[in-house]
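Residue numbers (our numbering): 664 to 887.
Each residue gets a CB set at the ideal place from its N, CA and C atoms; glycine is no exception.
Values in this document were obtained by computation on a predicted structure and should not be read as measured data.
Here's the structure we're looking at; comments come further down.
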Amino acid sequence: QRYVDNPLLLDGKKFDLRVYWAVVTSRYEPLVLYHPGSLRVSLTDYNSKDGPVGQLLTNAAQQGKGGHSDDVDEKSRQPLTALWTLLENHPNRPEWVMKAPDPKVYLECEMRKAISAVFQAFQEKVFVTGRAADTFALLGADFMIDQHLNIYLSEMQSGPGLPHNTKAVKDVMDVMIPGLASIVLHIRDAHLRGGIEVPFPLPPSNFDVIVNGSQLVLPSFCAA
664 QRYVDNPLLL DGKKFDLRVY WAVVTSRYEP LVLYHPGSLR VSLTDYNSKD
714 GPVGQLLTNA AQQGKGGHSD DVDEKSRQPL TALWTLLENH PNRPEWVMKA
764 PDPKVYLECE MRKAISAVFQ AFQEKVFVTG RAADTFALLG ADFMIDQHLN
814 IYLSEMQSGP GLPHNTKAVK DVMDVMIPGL ASIVLHIRDA HLRGGIEVPF
864 PLPPSNFDVI VNGSQLVLPS FCAA
């Protein structure tokens, strides 16, 4: 992977975004969902890539190996609202709005597009029509942003952790997990009634649909 040598910083520290996506398996067509997540933040001020290794780490478990105690967990995870506030007040905002009038909307859309592209590239491996209907996979995706508002997909997580040890993550889990269960059960019940339709009609939730049946779906605020 290319090294991002000019990362956007939060209070002088490197961070990345952990968001979530789900693939719901039906007998017919795929359903891919996106859910916002939180920020994973380094506990060490960032200077350059030649500084101490701790400044480069955003993974809380890896940072914990350096002797940090549990009371710093909250600092290692921040809500997405911390990023949106940063975008509003950052000195680079005049440059960013030349690229995207609303930087928040731009980043939200780019993450959805990236996840959709990954799914489409590996669809034959992660979705097989008629196999294990009414099951699902919850996955993670990590993104970095640089000083010019470029966004990079750094990693896909096949088994993202679902901790409750920080408020930022707990707030996501408390909404996301019941919401996903509701969607999976809704589709299962439709199968049992024999009235399934594609694209799938879904109950209200905090998930955004990015693939519904054979249709690529983006929110109305995203450009095509």
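Expressed to the nearest angstrom, what Euclidean distance is found between the alpha-carbon atoms of VAL768 and LEU694? Position 105 of the sequence shown, counting from 1, holds the residue named residue 768. Position 31 of the sequence shown, counting from 1, holds the residue named residue 694. Spanning the two alpha carbons is a distance of roughly 23 Å.
Can you tell me whether VAL695 is helix, strand or coil according to DSSP? Numbered from its first residue, the sequence shown carries residue 695 at position 32. The answer is strand: DSSP assigns VAL695 an E or B state.
Between the Cα of LYS676 and the Cα atoms of HIS698, ASP805, ASN710 and PRO764, which residue gives the shortest distance? In the sequence shown, the residue the question calls residue 676 occupies position 13. The option with the nearest alpha carbon to LYS676 is ASN710.
Let me confirm a value: PHE785 is counted as buried when at least 16 other C-beta atoms fall within 10 Å, else exposed. Which label applies? As a first step, residue 785 must be located in the sequence shown, where it is residue number 122. Exposed, because fewer than 16 other Cβ atoms sit within 10 Å of the Cβ of PHE785.
According to DSSP, what are the bridge partners of ALA685? As a working note, residue 685 is residue 22 in the sequence shown. LEU696 and LEU801, per the DSSP bridge assignment.
Output the distance between the C-alpha atoms of LEU812 and ASP736, rounded to the nearest integer angstrom. Numbered from 1 along the sequence shown, position 149 holds the residue referred to as residue 812. Numbered from 1 along the sequence shown, position 73 holds the residue referred to as residue 736. Approximately 27 Å between the Cα atoms of the pair.
For ARG703, which of ASP765, GLU692 and PHE678 has the nearest alpha-carbon? Locating residue 703 in the sequence shown gives position 40, counting from the first residue. Nearest of ASP765, GLU692 and PHE678 to ARG703, Cα basis: PHE678.
Comparing C-alpha positions only, which one of ALA800, ASP809 and VAL832 sits nearest to THR744? The count along the sequence shown starts at 1 and reaches residue 744 at position 81. For the residues ALA800, ASP809 and VAL832, the minimum Cα distance to THR744 belongs to VAL832.
Helix, strand or coil for GLN783? Go by DSSP, reduced to three states. Within the sequence shown, the letter at position 120 stands for residue 783. Residue state, collapsed to three classes: helix.
Exposed or buried, what is PHE806 when buried is set at 16 or more other beta-carbons lying within 10 Å of its beta-carbon? Your numbering for residue 806 matches position 143 in the sequence shown. Answer is buried; the Cβ neighbour count reaches 16.
Residues in its own chain within less than 7 Å of GLN718 by CB, not counting five upstream and five downstream? The residue you call residue 718 lines up with position 55 of the sequence shown. For GLN718, the predicted structure reports a pLDDT of 47, less than 50, and the residue's modelled location is therefore unreliable. The matter cannot be settled from this model.
Would you tell me roughly how many angstroms separate the C-alpha atoms of THR688 and PHE884, rounded to the nearest one? The sequence position of residue 688 within the sequence shown is 25, counting from 1. The sequence position of residue 884 within the sequence shown is 221, counting from 1. C-alpha separation (whole angstroms): 27 Å.
Could you tell me the alpha carbon to alpha carbon distance between GLN810 and SER739, rounded to whole angstroms? Here residue 810 corresponds to residue number 147 of the sequence shown, with the count starting at 1. Here residue 739 corresponds to residue number 76 of the sequence shown, with the count starting at 1. If you take the alpha carbons of GLN810 and SER739, they lie about 21 Å apart.
Under three-state DSSP, which class holds ASN875? The residue labelled residue 875 in the question sits at position 212 within the sequence shown. Strand.
On the CB-based measure, 16 or more other CB atoms within 10 Å of its CB, does TRP684 come out buried or exposed? If you number the sequence shown from 1, residue 684 lands on position 21. With 16 or more other Cβ atoms within 10 Å, it is buried.
Given a threshold of 16 other Cβ atoms within 10 Å of its Cβ, counted over all protein chains shown, does ALA804 qualify as buried or as exposed? Your numbering for residue 804 matches position 141 in the sequence shown. Label assigned to ALA804: buried.
Could you say which of VAL781, PRO867, LEU802 and ILE814 lies nearest to ASP668 if we only look at CA atoms? Counting from 1 along the sequence shown, the entry for residue 668 is found at position 5. ASP668 has its Cα closest to that of ILE814, out of VAL781, PRO867, LEU802 and ILE814.
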